[in-house]
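> Okay, handing you the structure first.
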DNA sequence: TAAATTTATGATTATTTTGTGAAATACCGC
DNA sequence: GCGGTATTTCACAAAATAATCATAAATTTA
């Protein structure tokens, strides 16, 4: 179990609903923040940097899907979508991407708590403060990368790419695999996009550039 | 013998759903087979011998549970059940119906791929990590080959060729067989091409060169 | 042993794949 | 909207790989 209290942002336009969910999660030891609509959610997200989001789909103005997409542009934070039963079937068509879990309303608090715990365990389970591979050091919480002690500024995608490759260090990864994991599954464009990001990443990694090996006919591999 | 690409059978009566799931898993490197109903599933299962099943619960005539039971009579293949209602899953926890994982619809591809990867890893272990034949050691995930501990750089085709021959070690393989498996079934080029690749492979294998025996009049055979 | 058959090899050509710069597009904070 | 950044697309050059082919070498057969 994680040491510090994990922060959870609950987004729902119904105060009563927020209150109920909040109560259960507080009792579970989590620190709760609330937002009553999509815009407030985005602000709260930026300010509090929560470790998990619980997003109601049905909200006035900006709905849950929009918020989800918006958040996903900047973060891989675990997201649980709460849908009303009737919508469920419709959403199947959209197969909306980006959320990690879906829960149908009305749900039992027990299920919710179980999913929250599971997601957080998955997300933070193996997250050490900072990890080193050769001359590369990565701190995920801080989103910082150092090469030979010198700090290197990476963009969002570059950072995600580096993390994914390091998580699978020593394994040859196809461009498809990389797209699946770094691009959150909602990308249907050119596979060569990966190449470009590898290029910029290599440039920024300087001396550690060839930790990212090209595996011809397959894709790339991170190897010290 | 376990080939490199794992085979997954998707069973769902909705074509669109199969397509979506399939797309993501293909990109992840899996080989996909599909079935639109329970009976077709059983046939496909027998024919293709998939390494994992994704089973939709709700299907006309023979439902997912029946298929699951039927498969379980003959195999311990990992099975992921997809149910429409998340409550259903909750009700079922504790019951051993034979499935290995349950996913509620609508689910995110991210979850699906994660579970598939995890299940397959669990089922096949990382034992397959790297395999040795005499002085030759092959790590397929890393796409690395060592001869007497020295790393040897192989091209894509050379690597595939070596893997195919090792998978069928001790068997004399015709050039036609080799073309079918290492090249595509729709390859109609010169059979002598195989010879050239065997030549370069032998060169790179150094001391292990004559693990690849010539079988005159037939083709080649890998033998330690 | 010579002829016939099959394989090995080197050289050449063709094809595929990747690296890269630059342009186009999307996105973000103001 | 605007300017700046990030991301994606694209096209072309460079590099690597693959295929073809002619010939040499090896093996089998008669």
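Protein chains in written order, with the numbering used here: chain A, 1 to 224; chain B, 1001 to 1224.
Quick reminder that beta carbons are idealized off the backbone N, C-alpha and C, glycines included.
Every value quoted in this text rests on a predicted model; they were computed, and no experiment measured them.
#1: Using a Cβ-Cβ cut-off of 8 Å, state whether residue 1123 (chain B) counts as contacting chain A.
#2: Tell me which same chain residues have a C-beta within less than 8 Å of the C-beta of residue 1177 (chain B), skipping the five on either side of it?
#3: Report back the beta-carbon spacing between residue 1133 (chain B) and residue 1169 (chain B) to the nearest angstrom; my notes put them in contact at under 8 Å.
#4: Any C-beta of chain A within less than 7 Å: which residues of the stretch 1140-1153 of chain B qualify?
#5: Nearest to residue 1008 (chain B) by alpha carbon, out of B:1030, B:1110 and B:1035?
#6: Do residue 1100 (chain B) and residue 1119 (chain B) count as a contact pair if the criterion is CB distance below 8 Å?
#7: Checking contacts by CB at 8 Å: is residue 1111 (chain B) closer than that to chain A?
#8: Closer than 8 Å by beta-carbon distance: list the chain B residues that pair up with residue 193 (chain A), in chain order.
#9: Only counting runs of 4 or more residues, tell me where the alpha helix (DSSP H) segments fall wholly within the stretch 1106-1154 of chain B, in order along the chain.
#10: Relative to the C-alpha of residue 1035 (chain B), which residue among B:1059, B:1023, B:1027 and B:1024 is closest?
#11: Does any CB atom of chain B fall closer than 8 Å to the CB of residue 211 (chain A)?
#12: Assign residue 64 (chain A) to one of two classes, buried (16 or more other C-beta atoms within 10 Å of its C-beta) or exposed (fewer than that).
#13: For the stretch 1190-1207 of chain B against the stretch 1146-1162 of chain B, are there 3 or more C-beta pairs whose distance is under 8 Å?
#14: Specify the secondary structure class of residue 1219 (chain B) as computed by DSSP and reduced to three states.
#15: Under 8 Å between C-beta atoms, does residue 74 (chain A) make it to chain B?
#16: At the 8 Å Cβ level, is residue 217 (chain A) part of the contact set with chain B, yes or no?
#17: Please list the partners that residue 177 (chain A) has in chain B, where partner means a Cβ-to-Cβ separation under 8 Å.
#18: Compare the Cα-Cα distances from residue 1084 (chain B) to each of B:1108, B:1056 and B:1067 and report the closest residue.
#19: To the nearest whole angstrom, what separates the beta carbons of residue 1054 (chain B) and residue 1010 (chain B), a pair I think is in contact under 8 Å?
#20: Does DSSP put residue 1184 (chain B) in a helix, a strand or coil?
#21: Should the stretch 1102-1116 of chain B be called in touch with the stretch 1019-1029 of chain B, which here means at least 3 C-beta pairs below 8 Å?
#22: Looking at the structure shown, is residue 1099 (chain B) part of a helix, part of a strand, or coil, going by DSSP?
#23: Helix, strand or coil for residue 1031 (chain B) per DSSP?
#24: How many whole angstroms separate the CB atoms of residue 253 (chain A) and residue 52 (chain A), which I take to be in contact at a CB cut-off of 8 Å?
#25: Count the other CB atoms, across all protein chains shown, that sit within 10 Å of the CB of residue 167 (chain A); report buried if there are 16 or more and exposed otherwise.
#26: Closer than 7 Å by C-beta to residue 74 (chain A): which residues in its own chain qualify, once you throw out the five before and the five after it? Chain order, please.
#27: Roughly how many angstroms lie between the CA atoms of residue 207 (chain A) and residue 5 (chain A), to the nearest whole one?
#28: Kindly indicate the opening and closing residues of the beta strand (DSSP E) around residue 1081 (chain B).
#29: For residue 214 (chain A), go through chain B and note every residue whose CB falls closer than 8 Å to its CB, in chain order.
#30: Hey, residue 1130 (chain B) and residue 1139 (chain B) are a contact pair by Cβ (cut 8 Å); roughly how many whole angstroms apart?
#31: May I ask you to report which of helix, strand or coil DSSP gives residue 1023 (chain B)?
Straight from the coordinates:
#1: Judged by the 8 Å Cβ criterion, residue 1123 (chain B) is not in contact with chain A.
#2: Answer for residue 1177 (chain B): 1219, listed in chain order.
#3: The beta-carbon separation of residue 1133 (chain B) and residue 1169 (chain B), rounded to 6 Å, stays under the 8 Å limit for a contact.
#4: The residues in question are 1141, 1142 and 1143.
#5: That would be B:1030, whose Cα lies nearest to the Cα of residue 1008 (chain B).
#6: A contact, by the Cβ cut-off of 8 Å.
#7: Yes, residue 1111 (chain B) lies at the interface with chain A (some Cβ there is under 8 Å from its Cβ).
#8: Think of a sphere of 8 Å around the beta carbon of residue 193 (chain A): no beta carbon from chain B falls inside it, the nearest being about 13 Å out.
#9: Entirely contained in the stretch 1106-1154 of chain B, the alpha helix (DSSP H) runs reaching 4 residues are, in chain order, 1109-1124.
#10: Just measuring C-alpha positions, the residue of B:1059, B:1023, B:1027 and B:1024 sitting nearest residue 1035 (chain B) is B:1059.
#11: Closer than 8 Å: no.
#12: By the neighbour-count rule (16 or more Cβ atoms within 10 Å), residue 64 (chain A) is buried.
#13: Because the criterion of three Cβ pairs below 8 Å is met, the stretch 1190-1207 of chain B and the stretch 1146-1162 of chain B touch.
#14: DSSP places residue 1219 (chain B) in the strand class (E or B) of the three-state scheme.
#15: It does not; no Cβ of chain B falls within 8 Å.
#16: The beta-carbon of residue 217 (chain A) is placed less than 8 Å from the nearest beta-carbon of chain B.
#17: What residue 177 (chain A) touches in chain B: 1027, 1028 and 1029.
#18: Of the candidates B:1108, B:1056 and B:1067, the one whose C-alpha sits nearest the C-alpha of residue 1084 (chain B) is B:1056.
#19: With a contact defined as Cβ atoms closer than 8 Å, residue 1054 (chain B) and residue 1010 (chain B) qualify at about 5 Å.
#20: Residue 1184 (chain B) falls in the coil class under three-state DSSP.
#21: Result yes; three or more Cβ-Cβ pairs closer than 8 Å.
#22: Coil, per DSSP.
#23: Reduced to three states, the DSSP call for residue 1031 (chain B) is strand.
#24: This structure gives no information on residue 253 (chain A), because the portion of chain A shown stretches from 1 to 224.
#25: Exposed, since its Cβ has fewer than 16 Cβ neighbours within 10 Å.
#26: Closer than 7 Å at Cβ, skipping near neighbours: 156.
#27: Computed Cα separation, rounded: 38 Å.
#28: Bounds of the beta strand (DSSP E) holding residue 1081 (chain B) are 1079-1083.
#29: The premise fails here: residue 214 (chain A) is roughly 11 Å from chain B at the closest Cβ pair, so nothing lies under 8 Å.
#30: The distance from the Cβ of residue 1130 (chain B) to that of residue 1139 (chain B) is about 4 Å, consistent with a contact at the 8 Å cut-off.
#31: Three-state DSSP puts residue 1023 (chain B) in a helix.
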